[in-house]
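Each remark here refers to the structure printed beneath this line.
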Amino acid sequence: MSSQYYHEALRSFNKVIQIAPDFAEGWNKRATLFYLAGQYDRSIHDIKRALVLEPRHFGALSGLGLIFIERNNFAGALVAFREALALNPHLTRIRRYVDRLEERQRRVDEENAI
Numbered sequence: 040m041s042s043q044y045y046h047e048a049l050r051s052f053n054k055v056i057q058i059a060p061d062f063a064e065g066w067n068k069r070a071t072l073f074y075l076a077g078q079y080d081r082s083i084h085d086i087k088r089a090l091v092l093e094p095r096h097f098g099a100l101s102g103l104g105l106i107f108i109e110r111n112n113f114a115g116a117l118v119a120f121r122e123a124l125a126l127n128p129h130l131t132r133i134r135r136y137v138d139r140l141e142e143r144q145r146r147v148d149e150e151n152a153i
């Protein structure tokens with residue numbers, strides 16, 4: 040994403056949040072922008088706000104899981120993805136992440152048992 044588009048998008052999402060601070064999707068969209076820019080702490084902050092406003096926001100939970108993967112917090116990712124799937128079982132990409140993370144956990148458990 041170019042710097043120009045990032046700053047335009049950020050201004051737009053900031054304005055949405057300013058006008059409608061109780062609109063969860065405004066926070067989630069800005070969280071997505073921060074995620075795409077690699078600003079994970081800022082993204083997590085906005086995801087948390089979106090989830091306070093709308094605890095069933097499976098998109099925000101999915102985004103949180105993706106950040107956890109980027110940070111090698113695979114257990115946290117699995118929790119976030121499972122919560123997202125509990126809310127919307129039709130998230131095929133998230134289902135694939137859960138399958139891979141569960142397989143990874145099985146391998147780790149097997150290695151630790153030896």
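Here this note's numbering = 1-based position in the sequence shown + 39.
Just so you know, even glycine gets a beta-carbon here, dropped at the ideal spot from N, CA and C.
query	result
Any chance the region 105-122 sits against the region 136-146, with 3 or more Cβ pairs inside 8 angstroms?	yes
Looking only at its chain, what residues have a beta carbon closer than 7 angstroms to the beta carbon of residue 71, apart from the 5 residues adjacent to it on each side?	102
Taking the alpha-carbon positions, what's the residue 134 to residue 153 distance?	29 angstroms
Of the choices 147, 52, 45, whose alpha-carbon is the least far from that of residue 77?	45
Please report the Cβ distance between residue 183 and residue 83, rounded to the nearest whole angstrom; I am assuming they are in contact, meaning their Cβ atoms lie under 8 angstroms.	Given that the chain is displayed from residue 40 to residue 153, the structure contains no residue 183 and the question cannot be resolved.
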